[in-house]
Amino acid sequence: MIMINRRIYFIILLFFTNQLFSQLVYDQWDDIIPFSLTEKYKDSINVENIHSLVLPSFNNDSLCKLHNNGKSLSEIGASCAIGFNIDTSDVSIFESGTKFKIKEGYLWIYTIESKSARELIAVIEKFTIPDGAYLSLYDAHKTNVIKDPETYTSSENEMIKKDNGITELSFGGKMVIEFFQPISCSSTPKIILKEIGYNFLSLINKTNYHE
């Protein structure tokens, strides 16, 4: 009788686990597609209309000279400073982001942007992702088609803990941070943006330069 009850328990557990993850949308390589990029929601959830943190436009050549002993973008070599960090004073993605109720659950979207940025970097402190949820970071303008959204699920919790958080880079002038949580989740994690980085030069992606 005990064995039967255990089997029933594991069958029920497997069923609900499958239900959690079956809500997510995957591409042909089995990578999660953020809901804001899916055909179903990309029009109703337009990240171009979300402006959570807007940095000013900078003169990148002047920034380069400031951080590289007076050398301009055309004068610097391979070993050089390419950007600077900005303390965001522990911004909460949930308190400062835009919340959406969708059929599958809830979305919080937070954006970082600067028209002159070559790359943007987000530093998020350590947290735990519930089963069925995800955190995704991507370039809103698809500046570099090679770099797909970086998406984290509960399977990365140990890595996030070990690395003491997440640091991600996106090309171009607008980064999207998207957190999804299914309705079945009873608690919402605390996701804090500790710091952002502004790069006035990209050594990887030298096209689409904004002066």
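In the working numbering, the protein residues as written are 3 to 213.
No residue lacks a Cβ here, since even glycine has one placed at the ideal position from N, Cα and C.
Original post:
By the 10 Å Cβ neighbour count, where 16 or more other Cβ atoms means buried, how is Phe182 classified, buried or exposed?
Top reply: So Phe182 ends up on the buried side.
If distances are taken between C-alpha atoms only, which option among Ser81, Asp32 and Val49 comes closest to Tyr140?
The residue with the shortest Cα to Cα distance from Tyr140 is Val49.
Open item on the list: Can you list, in chain order, the residues of its chain with a C-beta nearer than 6 angstroms to that of Leu55? Leave out the 5 residues immediately preceding and following it.
Closed with: Ile114
One question on the structure: do Ile131 and Trp110 come within less than 8 angstroms of each other, judged by their Cβ atoms?
no
* Asked: Would you call the CB atoms of Ser116 and Asn62 closer than 8 angstroms?
  -> For Ser116 and Asn62, no; Cβs fall outside 8 angstroms.
Look at Tyr112 and Ile34 and say whether their C-beta atoms are less than 8 angstroms apart. no
Exercise for the section: Rounded to whole angstroms, what's the CA-CA distance from Ala135 to Ser186? Just pull it up for me. Expected result: 10 angstroms
Exercise for the section: My understanding is that Lys192 touches Ile162, with C-beta atoms under 8 angstroms, so please give their C-beta distance in whole angstroms. Expected result: Contact flag wrong, Cβ pair sits at about 13 angstroms.
To test your reading of the DSSP string, which unbroken beta strand (DSSP E) runs of 3 or more residues are found completely within the segment 124 to 204?
Qualifying beta strand (DSSP E) stretches, in chain order: 136 to 141, 152 to 154, 167 to 173, 176 to 184 and 194 to 201.
Helix, strand or coil at Ser64 according to DSSP, with G and I counted as helix | helix
Nearest neighbour of Ile198, chosen from Asp165, Glu121 and Ser138 [CA to CA]: Glu121
ask   = Contact check, Phe173 vs Ile84 under 8 angstroms by CB: the rounded distance?
value = Not really, about 13 angstroms apart at Cβ, beyond 8 angstroms.
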